[in-house]
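Residue numbers (full-length UniProt numbering): 1 to 518.
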């Protein structure tokens, strides 16, 4: 389920009227104690100020909004949650907006307003719209707003306005409203609104597209997801979504469009059944692999922190595809993808991309499960083995990910043919394993604590316990092989990394201790 815009308390410089400097001041007579922080009549006045300037639509909306001038006061009396008269735990505030709930997308609601033909002037419209955008993050305020026809007013603006900024704010308000159950029902029942929202996917303004994607993701995760699926299932619309993902240069929009794709992949079965087959036909898998290639190249060359979330979302989307029976083969059979994620696992500085590496390891396990032949490509890759062991601390809270790691390590180690290995090769394996001694020991201790959860899996082929034991058995064998040739190893002056006999013994004892565990 999409998380609604997080409530944030903004401490902003107050102006003479009593509100934050970027918000319009409420009339002085409207200052009184409220548990919901904002006078309902003030919200209604803001909605009226957003009426589009088109004469016909303005006349219609004004007539409807003015139909019951006391509507706000009546609702305030009927809904105690909107008033603080019975809430002694909330201190009175002279500033209506000081404690308002703020949308996490508020960074977009502060930009420059492009020219627009609206009734109150472009700057004032933006001011009023941003206040409503923020207020819509609150369930109480959102329900009050839809009851007072904010959706009809916003629809009117979307139909007649020529400003990208007005469009962005309008969709942003609707996006926050969509995070609440009752307003969502109003959204889908407002004639023509969903159609015009979908139409905004074909704009060329990144901020408008960002808010549109956020709104669509909220719709697909709501109880009304079927309506949104019906609105999105046109091949023309799905093609546009993929086109944006493949072509946008705006990293914030890319993050949001990949997030929308991930929502589709993780949604109800009805959503996937309707939207995923045509998206795969349109090249979703290849687009995701292409995007992953680009992000990994950025990671290795520039290391831009703002792009780490995009990398994580792409990996999660690919991982989600890799476990879907009807679509996994296209992902799992890709040698290009397999090489990419192996390169990511070998990335030396994992601190900032630890979650990405965990997902990559799980994806490797999924691909090996579907296409075992991939294992032959990595059986001699000592850097990959070391990289996999480095990931354990980042997966400390994820049992499934740690099990996947052991599964991949086992598939690498069981392909080692010790009798055919040179002493130098054995030394290199031992060097890697001893270097990761603390990581292996900590992981085995963690598994010991959680082993009670695995009792039902111990007898099943391919279980986590079996993979771990197979790995430990191979490590013990390699260490014993090295110990048997200890004198030769000492005389191996060409060894790149000297190996401590004490550490070898410690690792061997640790593996023996846990190899027979359970």
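Think of the CB as a built atom: it goes at the ideal place given N, C-alpha and C, for glycine as much as any other residue.
Here the structure is a predicted model, which is why all the values come from computation and not from measurement.
Quiz item: Roughly how many angstroms lie between the CA atoms of residue 314 and residue 502, to the nearest whole one?
Solution: Numbered from its first residue, the chain shown carries residue 314 at position 314. Numbered from its first residue, the chain shown carries residue 502 at position 502. Distance between the alpha carbons of residue 314 and residue 502: 43 Å.
Self-check item: Of the listed residues 396, 129, 231, 477, nearest to residue 427 (C-alpha basis)
Solution: For the purposes of this step, residue 427 is identified with residue 427 of the chain shown, where counting begins at 1. Looking at the Cα atoms, 477 is the closest of the given residues.
Quiz item: Roughly how far, in whole angstroms, is the beta-carbon of residue 308 from the beta-carbon of residue 352, given that I think they are within contact range, below 8 Å?
Solution: Residue mapping note: residue 308 aligns to position 308 of the chain shown, counting from 1. Residue mapping note: residue 352 aligns to position 352 of the chain shown, counting from 1. With 8 Å as the limit, residue 308 and residue 352 qualify as a contact, their Cβ atoms being about 6 Å apart.
Exercise. Assuming residue 216 and residue 260 form a contact by the criterion Cβ under 8 Å, report the distance between their Cβ atoms to the nearest whole angstrom.
Key: Taking the first residue of the chain shown as 1, we reach residue 216 at position 216. Taking the first residue of the chain shown as 1, we reach residue 260 at position 260. Yes, residue 216 and residue 260 are in contact; Cβ-Cβ is about 6 Å, under 8 Å.
Quiz prompt | Integer-rounded CB distance, given that residue 395 should sit under 8 Å from residue 405 | solution = As a first step, residue 405 must be located in the chain shown, where it is residue number 405. As a first step, residue 395 must be located in the chain shown, where it is residue number 395. The Cβ separation is near 7 Å, so the contact holds.
Quiz item: Buried or exposed: residue 165, going by 16 or more other Cβ atoms within 10 Å of its Cβ?
Solution: Walking along the chain shown from the start, residue 165 turns up at place 165. Label assigned to residue 165: buried.
Quiz item: When burial is assigned at 16 or more other CB atoms within 10 Å of the CB, is residue 200 buried or exposed?
Solution: Against the chain shown, residue 200 aligns to sequence position 200. It counts as buried.
Quiz item: Between residue 168 and the rest of its own chain, which residues show a CB-CB distance below 6 Å, the 5 nearest in sequence each way excluded?
Solution: Working through the chain shown from its first residue, we reach residue 168 at position 168. Hits under 6 Å: 207, 208, 211.
Quiz prompt | Per-residue burial, residue 512 [other beta carbons within 10 Å of its own, 16 or more giving buried] | solution = As a position in the chain shown, residue 512 is number 512, starting the count at 1. With fewer than 16 Cβ atoms within 10 Å of its Cβ, residue 512 is classed as exposed.
Quiz item: Helix or strand or just coil, what does DSSP make of residue 248?
Solution: Mapped onto the chain shown, residue 248 falls at position 248. Coil at residue 248, not helix or strand.
Quiz item: On the three-state DSSP scale, how would you describe residue 501?
Solution: Residue mapping note: residue 501 aligns to position 501 of the chain shown, counting from 1. DSSP places residue 501 in the helix class (H, G or I) of the three-state scheme.
Quiz item: Going by alpha carbons, who is nearest to residue 281 out of 300, 235, 306?
Solution: Counted from its first residue, the chain shown places residue 281 at position 281. Considering only alpha carbons, the answer is 235.
Quiz prompt | Nearest-angstrom Cα separation, counted from residue 175 out to residue 225 | solution = Working through the chain shown from its first residue, we reach residue 225 at position 225. Working through the chain shown from its first residue, we reach residue 175 at position 175. Their backbone Cα atoms lie some 14 Å apart in a straight line.
Self-check item: residue 392 versus 379, 375, 345, residue with shortest Cα-Cα distance
Solution: Position 392 of the chain shown, counted from the first residue, corresponds to residue 392. With distances taken between Cα atoms, residue 392 lies closest to 345.
Quiz item: Can you give the beta carbon distance from residue 245 to residue 264, rounded, assuming they're within the 8 Å contact cut?
Solution: Numbered from 1 along the chain shown, position 245 holds the residue referred to as residue 245. Numbered from 1 along the chain shown, position 264 holds the residue referred to as residue 264. Their Cβ separation, rounded to whole angstroms, is 12 Å, which puts residue 245 and residue 264 out of contact at 8 Å.
Self-check item: Below-7 Å beta-carbon distance, residue 316 vs any chain D residue
Solution: Annotation note: the requested chain D is absent from the structure, which comprises a single protein chain.
Exercise. Could you say which of 38, 343, 53, 129 lies nearest to residue 47 if we only look at CA atoms?
Key: For this step, residue 47 is matched to residue 47 along the chain shown. Closest in C-alpha terms to residue 47, from the list 38, 343, 53, 129, comes 129.
Exercise. Taking the CB atoms as reference points, tell me whether residue 155 and residue 203 lie closer together than 7 Å.
Key: The sequence position of residue 155 within the chain shown is 155, counting from 1. The sequence position of residue 203 within the chain shown is 203, counting from 1. Cβ atoms of residue 155 and residue 203: not closer than 7 Å.
Exercise. Could you tell me whether the Cβ atoms of residue 191 and residue 170 are closer together than 7 Å?
Key: Your numbering for residue 191 matches position 191 in the chain shown. Your numbering for residue 170 matches position 170 in the chain shown. No, the pair does not count as a contact, with Cβ atoms beyond the cut-off.
Quiz item: Hey, out of 425, 422, 440, whose CA is closest to residue 409's CA?
Solution: Here the question's residue 409 lines up with position 409 in the chain shown. The residue with the shortest Cα to Cα distance from residue 409 is 440.
Quiz item: When DSSP labels each residue in this structure, what does residue 348 get in the three-state scheme?
Solution: Translated into positions along the chain shown, residue 348 becomes position 348. The DSSP-derived three-state label of residue 348 is coil.
Quiz item: Sorted by chain position, which residues of the same chain lie with C-beta nearer than 6 Å to residue 142's C-beta, five sequence neighbours on each side aside?
Solution: To locate residue 142, count along the chain shown from 1; it is residue 142. Closer than 6 Å at Cβ, skipping near neighbours: 136, 177, 180, 183.
Self-check item: Proximity of residue 310 and residue 295 at Cβ, strictly below 7 Å
Solution: Translated into the one-based positions of the chain shown, residue 310 becomes position 310. Translated into the one-based positions of the chain shown, residue 295 becomes position 295. Cβ atoms of residue 310 and residue 295: closer than 7 Å.
Quiz item: Do you know offhand how far residue 75's Cα is from residue 275's?
Solution: The residue given as residue 75 occupies position 75 in the chain shown. The residue given as residue 275 occupies position 275 in the chain shown. Bear in mind that the predicted position of residue 75 carries a pLDDT of just 39, short of 50, making it too unreliable to give a figure here.
Quiz prompt | Proximity below 7 Å, CB of residue 227 to CB of residue 188 | solution = Counting from 1 along the chain shown, the entry for residue 227 is found at position 227. Counting from 1 along the chain shown, the entry for residue 188 is found at position 188. Yes. Within cutoff.
Quiz item: From this set, 390, 327, 401, which residue's C-alpha is nearest residue 283's C-alpha?
Solution: What you label residue 283 is simply residue 283 of the chain shown in a count that begins at 1. Among 390, 327, 401, the Cα nearest to that of residue 283 belongs to 327.
Exercise. Count the other C-beta atoms from every protein chain shown that fall within 10 angstroms of the C-beta of residue 269, then say buried if there are 16 or more, exposed otherwise.
Key: Working through the chain shown from its first residue, we reach residue 269 at position 269. By the Cβ-count criterion, residue 269 is exposed, with fewer than 16 other Cβ atoms from all chains shown falling within 10 Å of its own Cβ.
Exercise. Pick helix, strand or coil for residue 421, following the three-state DSSP scheme.
Key: By 1-based counting over the chain shown, the position of residue 421 is 421. Secondary structure of residue 421 (DSSP, three-state): coil.
Quiz item: Where residue 423 and residue 380 are concerned, what is the direct C-alpha to C-alpha distance, given to the nearest angstrom?
Solution: Locating residue 423 in the chain shown gives position 423, where the first residue counts as 1. Locating residue 380 in the chain shown gives position 380, where the first residue counts as 1. So the alpha carbons of these two residues sit roughly 15 Å apart.
Practice problem: Could you round the C-beta distance between residue 363 and residue 341 to whole angstroms and report it? I think they count as a contact, below 8 Å. | Solution: If you number the chain shown from 1, residue 363 lands on position 363. If you number the chain shown from 1, residue 341 lands on position 341. Indeed they touch by this definition, with Cβ atoms about 5 Å apart.
Quiz item: According to the Cβ coordinates, are residue 173 and residue 125 closer than 7 Å?
Solution: As a working mapping, residue 173 is identified with position 173 in the chain shown. As a working mapping, residue 125 is identified with position 125 in the chain shown. Remark: C-beta atoms of residue 173 and residue 125 do not approach each other more closely than 7 Å.
Practice problem: Would you mind giving the Cβ-Cβ distance between residue 330 and residue 285, rounded to the nearest angstrom? I have them listed as a contact below 8 Å. | Solution: For this step, residue 330 is matched to residue 330 along the chain shown. For this step, residue 285 is matched to residue 285 along the chain shown. 5 Å between Cβ atoms; contact.
Self-check item: Endpoints, the alpha helix (DSSP H) within which residue 172 is located
Solution: In the chain shown, residue 172 corresponds to position 172, counting from 1. Element bounds for residue 172: 164-177.
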